[in-house]
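Residue numbers (the numbering used here), protein chains in the order written: chain B, 1 to 419; chain R, 1001 to 1880. Report on the following structure.
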């Protein structure tokens, strides 16, 4: 299927064959942590969900037959686990979409940001938020601890610049950082003058300003220090345009996955999320123009032709994922493991059934991370004590070395199926 | 039905400062009431909840005592005490206790106390726009959100400043400085872009790829329904380019004829524009006449700006998405071709029942494939295919209704794509630039720079220019006069940078960046209060301006503050009148109404397809509420108007469809009404005392209190209590599962909720919330009336007992009850307004002042604008 996708014309190297020159980053020379602990986390979420009948395999256990949507993953079936019957018990409706990584309450501290707050600070970029072909206003998937929705990068060239900045860009960044930092003393001088004149309660309130300034200053220093380190470079070349419009989503997705693999390989970040929006764009797949736009197809009204084409798009997404997982599998970390073993990949959505705007039974897949994979795990949500999606998240976090035993409304783990 | 009003409204003249340092003796009659009603539980060391009321005297100098007795008044007024299982207190008892406690509590509750707060997101954005002369400035995506407190995003307790904020401020400051003092840009490089048909975007039903061309069919004003564009082309430099387009006509014997040349419009489209943009959002570059069926190439020169690509639209297409025009056209077509009519009938009514149209699966080409399959079926059943059948009438109705036409029209596009007439685009080449040009953005930058820095006069040094810039800019940025010491600190930033060898522009760039991260800019009302606890003149100007305009004070306010005139009552009122929003689109309306009535949530609610409630309907619903509010404000109408008016603002079509009746204006108007008449947003008369009209019957509010799919009485009940009656409920306990409607229809929501709230701990709150919520169960998630609970045959039981004991049977009776108790609502709105204005929730003493103003307003027969002015002139508003 992939050959026929519109990005057949890409005139650049696939990331698998790309050379990157790695600076000596501490992530690689670091002390030997507990063995076999994955370091990275990647989450991918679709806005319109995944058509359940085509996503969930029919059989449970190890001997399941791959479902149509997951067919592109046939080559690495021992590297992932499919889950059905999991969700966050969140209310229905579109507004609840962001519960994918947030749990029961949309807009609360998301899984990826919990992970980034815990392990992301050790790398140059604590977390990267991406979106493929969004072409539209903000639609956050990741939320900070304070509930701030994080912006997503939709231009591959912007991500590329962050990862592999040119000499001139670095010089400009350095100038802006250094000059900004040098002027802070005068701003603070005046701020102190202001604070001294305040009654004591307000003086204490203004402490938040000074604390924030100090945090920003520290960050600037870190950024400046990072600029002194040798930069990561790559031979990977981008197309001369940015595929930002919705119709180029699959193309953008492929490139962003390539760059994500490079970002993880070069140790510049440990946490990446990618949001796959769904608007009215009409795709051509396998040389065939689909019968309706992506969003229109999601409201399929059980029409078989509409469902066929919806599944075709979702399969194309999984195809991109398969390529990404393949790249990670080929890449080696310094301690000789594959980057796939070193990375937990979570594929899912906050939308259980877009046709009905239901947020129950969220299609979920976990790959990599050195887990015991190869099964379709079926949960019966009606069963008393049935695990929640959050229980799976607790297992993922613990695997990454984060000491926690709860996520949103969940306080158990699913260790027994993955470890 | 009129019940006793809550006590707070009965008490008059209670505000009397009774400052006593000596503990005040509790008089015998009061002690007797307390002993009879309260002391069974609230006495001694084992008092319930640690609340001890067995006191012979109260030490009003002790804030803890003030707080304790304030809570006593509140639970008595709210009738939460004595508890339901105890003997209720008499009205006389309640009045006596409150009359005793009220004055000393007020006397010991100082007005004011808003801590310094940073600007909210909206305030910050408006301030940057105005201060930096960047009218198009928008916050970067992902700028930290504000934390909502008590329903508003601008309360001091929610406006904490975190490192994330400061980082965002620093980034905006940098972006603003880059905009006004941009670094020199490298010269434009000459380039050539080529896009074939496979590089052209296919959006919704706008275009189809056929062989070596993309075909366009509709002239819809929505670009996603009519246009295509090369999405892999993006200009890097603004300049004049040569654009070469290859296009042809597509006609076929099966399609309609087309007379004359096809007009192909070429627009400039920013690549990052949303697909939902209308064509009118783009810049028309050129119109090409396409006259041949074989590909012909046209080249022209046009200016493209950085970030642009081109966009193609067939301006004189036969096909339109304007549903009135389209329906007329379809009717003719149906009359001429019974097979075509029958094919649509079978596609739209697969069950054969005209009462059950199914348009969901008809989206896009799939819809056309279904129609076309029927059309080519030799055995097509034509028995209903005449113009007078029920099916035909219903089908034409569907083409006439805005909710379904778009989907049907999208399907129809493919008729044109397949059979023509269609316009074919084979490719486009863009080459250049032949010369560089200033984009509108470049011009705006230069103007902003002039406004901030001024023009350098002869003989002025860099330092002189910076000093004069600071003299005019700093007081505006900091919203008050600036001391020499402060000005000097900032001047040093620029001069030091120049001394280090940087250019003038670099120094100014840094200076501007630094000003925009100063706490004097980021926080408002940061000066200490005056001796009386009031804001000083400049902070008063700031509070007034952000309240009414969301932006910083203008020159007039600053001038009045400078001359210490703003504090005078008549000046303050006059200025408030001047700044009060006049139009529904003014920022304060959007912001306050959006937050108070939660209409800001509407864009995020996507009503289920079964409600046929599209984006246009959502926008109209929101506009209804905002315009309604604005009208009551500007016309100074009485407060009851909010609840039971005889007018609304909507379109006839919306009222017919969503509210289920034809407004008198429509009956009186000249018949027949055109589609334009039906869709026109206007003031409409409605009968008072009915299901609709007033905030509580408006679609926007009924939508905002549901989720687009189903309704939950608890959510609506809690919402009405908090936002209409001013009686907020405590937050729900954690670990309570959400109520999911019983889709099998075995139980009504009432049964489900009854089971859910059996526990006594739940019942305390639910006894207040649920009856109010059930009163609105007759409205579905988009505000349409319904008689039965969805999925059941059970008629909706909307009756309930309200907090004051009144019994209502339905929403109409609820509204009548509220009109009779209008001060409840007025006080609620007034508190919300002052909460929004002052950034704090009014305290006990302030609430008493508000109640007094509300009562006086009603007794004097005054209106809403008068009330707002009274609130602005109040102690509460003026206090820090």
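The C-beta atom is built at its ideal place from N, Cα and C for all residues, glycine as well.
Does the distance from the C-beta atom of residue i to that of residue j stay below 8 Å?
i                       : j                       : result
residue 1238 of chain R : residue 1305 of chain R : yes
residue 1598 of chain R : residue 1815 of chain R : no
residue 1579 of chain R : residue 1549 of chain R : yes
residue 1219 of chain R : residue 1317 of chain R : yes
residue 1279 of chain R : residue 1223 of chain R : yes
residue 1299 of chain R : residue 1244 of chain R : yes
residue 363 of chain B  : residue 52 of chain B   : yes
Under a CB-based cut-off of 8 Å, is residue i close to chain B?
i                       : result
residue 1152 of chain R : no
residue 1674 of chain R : no
residue 1499 of chain R : no
residue 1145 of chain R : yes
residue 1518 of chain R : yes
residue 1493 of chain R : yes
residue 1707 of chain R : yes
residue 1137 of chain R : no
residue 1510 of chain R : yes
residue 1275 of chain R : yes
residue 1490 of chain R : yes
residue 1279 of chain R : no
Comparing the C-beta of residue i with each C-beta of chain R, is any distance below 8 Å?
i                      : result
residue 344 of chain B : no
residue 34 of chain B  : Confidence is the limiting factor: at residue 34 of chain B the pLDDT is only 48, short of 50, which leaves the residue's position unreliable, though a coordinate-based value still follows. Cβ-Cβ to chain R under 8 Å: no for residue 34 of chain B.
residue 247 of chain B : yes
residue 186 of chain B : yes
residue 433 of chain B : The question about residue 433 of chain B has no answer, for chain B in this structure spans 1 to 419.
residue 181 of chain B : no
residue 271 of chain B : no
residue 208 of chain B : yes
residue 47 of chain B  : no
residue 176 of chain B : yes
residue 161 of chain B : no
residue 372 of chain B : no
Who are the near neighbours of residue i in its chain, counting only those whose CB is closer than 7 Å to its CB and skipping five residues on each side?
i                      : result
residue 169 of chain B : 161
residue 413 of chain B : 391, 394, 395 and 398
residue 372 of chain B : 418 and 419
So, at 6 Å on beta carbons, what are the nonlocal neighbours of residue i in its own chain, with the 5 sequence-adjacent residues on each side left out?
i                       : result
residue 247 of chain B  : 281
residue 1176 of chain R : 1132
residue 1416 of chain R : 1217, 1319 and 1422
With a cut-off of 8 Å on the beta carbons, I'd call residue i and residue j a contact; round off their distance for me.
i                       : j                       : result
residue 212 of chain B  : residue 1165 of chain R : 7 Å
residue 1205 of chain R : residue 1185 of chain R : Not confirmed; about 40 Å, so no contact.
residue 1288 of chain R : residue 1264 of chain R : 4 Å
residue 1332 of chain R : residue 1347 of chain R : Not really, about 19 Å apart at Cβ, beyond 8 Å.
residue 1715 of chain R : residue 1625 of chain R : The Cβ separation is near 18 Å, so there is no contact.
Can you name, in chain order, every residue of its own chain whose Cβ lies under 8 Å from the Cβ of residue i, other than the five neighbours on each side?
i                     : result
residue 38 of chain B : 341, 342, 343, 344, 368, 369, 370, 399 and 400
residue 70 of chain B : 55, 57, 82, 318 and 365
Is there at least one non-hydrogen atom of the ligand FMN closer than 7 Å to the beta-carbon of residue i?
i                      : result
residue 230 of chain B : For the ligand FMN, the structure offers nothing, since it holds no ligand at all.
Cβ-based contacts, 7 Å cut-off: residues of the segment 1210-1231 of chain R near chain B: From the segment 1210-1231 of chain R, only 1224 and 1231 have a Cβ closer than 7 Å to chain B.
Any residues in the segment 1194-1207 of chain R with a beta carbon nearer than 7 Å to a beta carbon of chain B? Which ones, in chain order? Contacts with chain B (Cβ-Cβ distance below 7 Å) from the segment 1194-1207 of chain R involve 1198, 1201, 1202, 1203 and 1204, listed in chain order.
Check each residue of the segment 1158-1179 of chain R: if its Cβ is closer than 8 Å to any Cβ of chain B, include it; give the result in chain order. For the segment 1158-1179 of chain R, which is checked against every Cβ of chain B, the residues closer than 8 Å are 1160, 1161, 1162, 1163, 1164, 1165, 1166, 1167, 1170 and 1174.
Chain-ordered residues of the segment 1095-1111 of chain R with a beta carbon less than 7 Å from chain B: Cβ contacts with chain B come from no residue of the segment 1095-1111 of chain R.
Using Cβ-Cβ distances below 9 Å, what residues of the segment 190-202 of chain B are close to chain R? Cβ contacts with chain R: 190, 191, 193, 194, 195, 197, 198, 199, 201 and 202.
Please identify, using Cβ separations under 8 Å, the residues of the segment 1591-1614 of chain R that lie next to chain B, in order along the chain. Of all residues in the segment 1591-1614 of chain R, 1601, 1604, 1605, 1606, 1608 and 1609 have a Cβ within less than 8 Å of some Cβ in chain B.
Anything in the segment 1350-1376 of chain R with a Cβ closer than 9 Å to a Cβ of chain B? List those residues in chain order, please. Only 1358, 1359, 1360, 1361, 1362, 1363, 1364, 1365, 1366, 1367, 1368, 1369 and 1370 from the segment 1350-1376 of chain R bring a Cβ to less than 9 Å from some Cβ of chain B.
Report the residues of the segment 266-291 of chain B with a CB closer than 7 Å to any CB of chain R, ordered along the chain. Listed by position, the residues of the segment 266-291 of chain B near chain R (Cβ gap below 7 Å) are 279, 280, 281, 282, 284, 289 and 291.
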